[in-house]
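A short write-up of the structure that comes next.
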Amino acid sequence: MATTVTTPARTPSPGPAALAGPAAGVPTTPRVGLRGSLLLLVSIYVAAVTSVAMRPEDNPVAGWWPAAGLAVALVALSLPGLDRLLLVTVGLVAVTGLANVTGGRDWGISAAFGVANAAEAVVAGLVLRARPQGGPPALVTLQDFMRLVAAAVAGGVVIAVGAALAVVGLADGSFLSTARSTLTSHAAAVLVLVPLALTWRTRAHRDRPGELPLQVTALALSVVLVFMPAQELALTFLPLTFLVWAALRFDIRVVAAELIAFAAVTTYLNALGWGPFAAEIDEGNTTQVSAAALCQLYLVCASLLTVPLAIVLADRNRLVAQVTAEEVLFRRNFTDSLLGQLILRIDHGVLRVADANDTAADVVRRPAGTLVGADLDELLATPAELGPRLVSGQSWRGRVSLRHDDASRVEVALSRLSHPGDDGSPIWSAQLLDVSAEHVARQGLEAAERLTSATLDTTAAVILVTDREGRIVRANQATTDLTGWREEDLLGRKVSETTLAASATPDLEALFVWPNRSGQPVVREGEATTRDGKKLRILWSNNMVRDEQDLPAYAVLTGIDVTTERASSGLVSHLMRAAITTAIIGVDQDGLITVFNAGAELMLDQDATRQIGHRFVDLLDPDQVAERLGTRDPEQAFDALVRGVGEGELPARDWLWMARDGSRRIVSMTLSATEASVTTQVGFLCVGRDVTEQRQGQDMLVQALEKERTAVERLRALDEAKNEFVSTVSHELRTPVTSIVGYTEMLQDGTVVEPLEDQLPLFATIARNGQRLIVLCNDLLTLAGLDSESITWEAEEVDLGDALASAAAAVAPMLHERDLTVLWETAEEPVRVVGDPTQLERVVMNLVTNAVKFTEDGGVVRARVEVQGDEAVLSVTDTGIGIPAEEQANLFQKFFRSSTAQKEAIQGTGLGLSIVAAIVSAHGGTIRVRSEHLEGSTFTVRLPVKY
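Under this note's numbering, think of the first position of the sequence shown as -1, with each following residue one higher.
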């Protein structure tokens, strides 16, 4: 598939600085030390004295002041530091002031001029030193020149104001005239002298040795021509052309030097009255001061014309040299590169080769001469995504194959070298690296790694790979399956820091410290802890992997989980050696004993060493063997005994085993087949447990249970006879007692004969005791019916509140002549249950009458009916004599009366509570008592509520 590219719109190309980077070979300006500073101060003094001596007669200031340029250079190039700046400033004040005194000025104005000159030098020098990139001042770029112009203007303004104020104040001169003359002379001095100070170490060009004398000669002739005496022609432009010649053809140091010489000569000639600026003095059209100012402006123009031009050309020359050098370097690197290099251009939307080195020809396997003009898609199988990336100008890197060889692999890095040129096609670079061999090796390595990983992950053993420091670099899947530790949890950790193979640390140290050992693995068994805290026994086999130099590189720890085997082995050993009552006997297929444990020895009082090799059936009772197996032949008997084992373990069965003393032991015996790792049966295992005493105990227990059953049946018969007797007696007693009570009532009411007064108490006693006998008979009959389950219960809806009201009415006669407080508490809603109304009223009546009977006068009886959850609750509480705690367990038994009731001689039969308990139980309820001796009692009945 061809890679087509649409050329994007042209964008501005980067400037020279962007392409070349920092200019190589840029001159640097050295700092001025102590000796240089002293030399400059002497030069300033000489120049200042000379300028004062040559000043115009009608002007208190000099027409040109070269000392200003030297002073500014001194401040700009002095070493940094406030103390040095102060020393330089003091020196300038002293030198310039002394020079003015030497030139004939008085001390006052000389001191003022000294201060003004020093201030000018400091201001201008600091402006020059304020470079954004730091370092000493330089004159390399137009920005540096603009900083020089700013320094000249700033310094000129400072000296103009200072000098004018000094002249006005101390010499009665003109402020404006003095300021104009001072500004031009000092600015010219700075613009003319400082460039040489900033560039005097610049390397001079030596490639034009004959041109420089010619140019200097031409400049000198032009100066002589222009500034000859009485010269009035407008030829001042002529020397400037030769200065421009110097700026175009020579370095900036030559230009600065010629500019200084030109300034010195023109100033001197103008001071003599020669040249076009002084020609008007004789005619009265101008003054000597104005002529000097014009001459200095002329020098300023010369500097502004030549110095920037020289700077720009020098910068251009440096860039050209750098580009040339980089091009040479690029061409050399391009040709001699070990990487394949292609220079590409977009031609009609297709990348075509514009240049190629020999290495690229070798990579794409084509002759070098055939590559230029070839389409990139003809050489490489580039992807479809390359086209859009090239359109957007993005670089691309990838691995592709040669168009004619799919098995090959070439690493390609494609990047744009330039923006679209005038012809609209950007330049691209392609770097090619043949990685076919690496690709084949990597494929083999990946296949080997996949095989290794598959082998490790399918091995049912813990495998850890560590580096020389013992840090885990690989863990297989079985490690996670067996221990719960994931590979990411272990990577980077030392083996000693894990809970898997901490004991393997000495082995790892031995593997790496003794690299010349035999190479046999180090085998050690140790304990490991899983992630969830489970203990494992691991059998470790540790060895090392060597690198290509036969040096230890990695250690491989292979661990097999032997926890089950060790536990089983220990258990078997313990079972076989421990003195237990279980006999474990191994039998081979021929019926001969192969294993005889200590339990069998103790059970039969036999020595294991003597029993090994004997027939197993000899341990059994021969009569029982003949009876159960139908033969006395040992081989036939053994075959019949194990015939069903192949289908599974035989169920336990009691057999008689013969001890050494001839006694017989009852043994519960099971037989099962033992198998090896394959399906071949190798023998049988007999497990026997001596149950002689157990069986004897079972026989005795059966006999005892039989006797107990007989006794229970007899007791039940006696109980039934008792109940029948009581029922019969109750019936027989109730009839005559009823007659006695009836006749007694007839005698009391005078039906037969009017009784005597002394007979009435006797009749009342007879009636009262008769009633007691009737109640006793009724209670006995009720209990008999409850025990025989012959009573028929009515199932009706009963409101316990009504039963409580009936009990209140029935108990009312008992309360006559008693000092008791009886409280009846019922719920606002009916408390309904399902049961026999008569029997439930009897329950309420018995509990309430008992509470009244056992509560002394002055006490309180409270009867309450309520609903609690799904239960109807009847509670009767009194403050009576109570029931001792030790007697409460027997409270609901027949005829039971508490010791307190007997002591107080309170009448009763002991049947009421037993009847209440029977009725409540028959209704599916419960009754509970809570009482203490002499502290009252609370009886609580709970019945299922009816909604």
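Every residue gets a Cβ at the ideal spot worked out from N, C-alpha and C, and that includes glycine.
For residue j and residue i, the rounded distance between their alpha carbons
{"i": "residue 131", "j": "residue 141", "result": "12 Å"}
{"i": "residue 819", "j": "residue 748", "result": "38 Å"}
{"i": "residue 935", "j": "residue 876", "result": "6 Å"}
{"i": "residue 596", "j": "residue 557", "result": "36 Å"}
{"i": "residue 376", "j": "residue 416", "result": "24 Å"}
{"i": "residue 274", "j": "residue 234", "result": "8 Å"}
{"i": "residue 544", "j": "residue 535", "result": "29 Å"}
{"i": "residue 583", "j": "residue 614", "result": "9 Å"}
{"i": "residue 792", "j": "residue 836", "result": "9 Å"}
{"i": "residue 127", "j": "residue 322", "result": "33 Å"}
{"i": "residue 526", "j": "residue 498", "result": "5 Å"}
{"i": "residue 735", "j": "residue 758", "result": "19 Å"}
{"i": "residue 443", "j": "residue 365", "result": "33 Å"}
{"i": "residue 553", "j": "residue 559", "result": "19 Å"}
{"i": "residue 455", "j": "residue 689", "result": "53 Å"}
{"i": "residue 742", "j": "residue 812", "result": "22 Å"}
As assigned by DSSP and simplified to three states, the class of residue i
{"i": "residue 504", "result": "helix"}
{"i": "residue 275", "result": "coil"}
{"i": "residue 78", "result": "coil"}
{"i": "residue 931", "result": "coil"}
{"i": "residue 97", "result": "helix"}
{"i": "residue 291", "result": "helix"}
{"i": "residue 896", "result": "coil"}
{"i": "residue 587", "result": "coil"}
{"i": "residue 270", "result": "coil"}
{"i": "residue 559", "result": "strand"}
{"i": "residue 552", "result": "strand"}
{"i": "residue 672", "result": "strand"}
{"i": "residue 737", "result": "helix"}
{"i": "residue 401", "result": "coil"}
{"i": "residue 130", "result": "coil"}
{"i": "residue 682", "result": "strand"}
{"i": "residue 705", "result": "helix"}
{"i": "residue 168", "result": "helix"}
{"i": "residue 890", "result": "coil"}
{"i": "residue 250", "result": "helix"}
Residue i: first and last residue of the uninterrupted alpha helix (DSSP H) it sits in
{"i": "residue 180", "result": "173 to 197"}
{"i": "residue 344", "result": "Note, residue 344: premise wrong, no alpha helix (DSSP H); beta strand (DSSP E) at 338 to 345."}
{"i": "residue 486", "result": "485 to 488"}
{"i": "residue 247", "result": "235 to 247"}
{"i": "residue 224", "result": "209 to 224"}
{"i": "residue 105", "result": "105 to 127"}
{"i": "residue 634", "result": "632 to 639"}
{"i": "residue 919", "result": "910 to 920"}
Classification of residue i by the beta-carbon crowding that lies within 10 angstroms, buried from 16 upward
{"i": "residue 88", "result": "exposed"}
{"i": "residue 226", "result": "exposed"}
{"i": "residue 737", "result": "exposed"}
{"i": "residue 481", "result": "buried"}
{"i": "residue 888", "result": "exposed"}
{"i": "residue 538", "result": "buried"}
{"i": "residue 810", "result": "exposed"}
Contact set for residue i: own chain, Cβ-Cβ below 6 Å, skip 5 residues either direction
{"i": "residue 186", "result": "294, 297, 298"}
{"i": "residue 492", "result": "468, 469"}
{"i": "residue 948", "result": "As shown, the chain starts at -1 and ends at 945. That puts residue 948 outside it, with no answer to give."}
{"i": "residue 693", "result": "664"}
{"i": "residue 929", "result": "880, 881, 935"}
{"i": "residue 834", "result": "791, 792"}
Boundaries of the beta strand (DSSP E) in which residue i is found, first to last residue
{"i": "residue 524", "result": "520 to 527"}
{"i": "residue 390", "result": "Element bounds for residue 390: n/a, residue is neither H nor E."}
{"i": "residue 867", "result": "First-last for residue 867: undefined, no H or E at that position."}
{"i": "residue 464", "result": "460 to 464"}
{"i": "residue 851", "result": "Element bounds for residue 851: not the beta strand (DSSP E) but the alpha helix (DSSP H), 835 to 851."}
Neighbourhood of residue i by C-beta, 7 Å cutoff - its chain only, sequence neighbours within 5 removed
{"i": "residue 640", "result": "669, 682"}
Sequence-distant residues of the same chain with beta carbon closer than 8 Å to residue i, five excluded per side
{"i": "residue 47", "result": "97, 100, 101"}
{"i": "residue 398", "result": "378, 379, 380, 381, 407, 408, 410"}
Contact test: residue i Cβ vs the ligand FMN heavy atom, cutoff 6 Å
{"i": "residue 223", "result": "Among the ligands in the structure shown, none appear at all, so the ligand FMN cannot be discussed."}
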